[in-house]
Structure formats: structure tokens, C-alpha cells
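Residue numbers for the sequence shown follow this note's numbering, so the first one is 2 and each next one is one higher.
The beta carbon of each residue, even a glycine, is placed where N, CA and C say it ideally should be.
These numbers come from a predicted model, not from an experiment.
The block underneath contains the structure these notes are about, expressed in C-alpha cells.
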Amino acid sequence: FNPGHRSLQRKLVGSASAVEPDANGRIQLPLTLRQVAGLEKKVTLLGMGHRFEIWNETILNQKRIEEERSLDEAASEEMTRLVL
């Protein structure tokens, strides 16, 4: 195995926690994970195919703006190479 793969795997899933749903089917994320993600009262749940992500709404909006700029820049660069 590649040591880099192990390191990445540890970083990504090493802080995973088993949780049990309450009587209403709700789960409470551990405090450490909420702190790392900056989760407060209001969160956004994103469906991502076979998984989902839980985001702090403000951080998600900032991320979307950054990604939009990045996509715009990449598209602009590609358009300069376009030959019709």
C-alpha cells in the first residue's frame, strides 16, 4: 500500500464516530465534529449521490462563491483556446 493513501484515509475517516439514533430517528453529531465543521444552529444538508454533507450555511455560501469564480476562470481560459 502507498503510505500517502493511508495518511489520506486516516485524515478523511479517522475522525468518524459511531452514533445511535434517538427514539425519533435523529442523530447528534459529536461536539468535536461540529466544531471542526463550524456547525451552529442553522445547517444545510447536501445530497451528494450515495452520501450527504452537512455544512454551516455561511461557510457553504462562501465556498459556492469561490467555486463559481474558479469555474468562471477555468471556462474563460478554455474559451481562449477554442477554435471555430
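(Q) For V20 and Q29, which I take to be in contact (beta-carbon distance under 8 Å), what is that distance rounded to the nearest angstrom? (A) In the sequence shown, residue 20 corresponds to position 19, counting from 1. In the sequence shown, residue 29 corresponds to position 28, counting from 1. With 8 Å as the limit, V20 and Q29 qualify as a contact, their Cβ atoms being about 7 Å apart.
Q) By Cβ distance below 7 Å, which residues in the same chain neighbour P22 in space, the five residues on each side in sequence not counted? A) The residue given as residue 22 occupies position 21 in the sequence shown. Closer than 7 Å at the Cβ level, and outside the excluded window around P22, lie I28.
Q. Just checking my contact of L34 with S8 at CB under 8 Å: how many whole Å lie between their CB atoms?
A. Taking the sequence shown and counting its residues from 1, the one referred to as residue 34 is at position 33. Taking the sequence shown and counting its residues from 1, the one referred to as residue 8 is at position 7. No, L34 and S8 are not in contact; Cβ-Cβ is about 20 Å, not under 8 Å.
Q. Ends of the alpha helix (DSSP H) at N62?
A. Locating residue 62 in the sequence shown gives position 61, counting from the first residue. Unbroken alpha helix (DSSP H) run through N62: E58 to T81.
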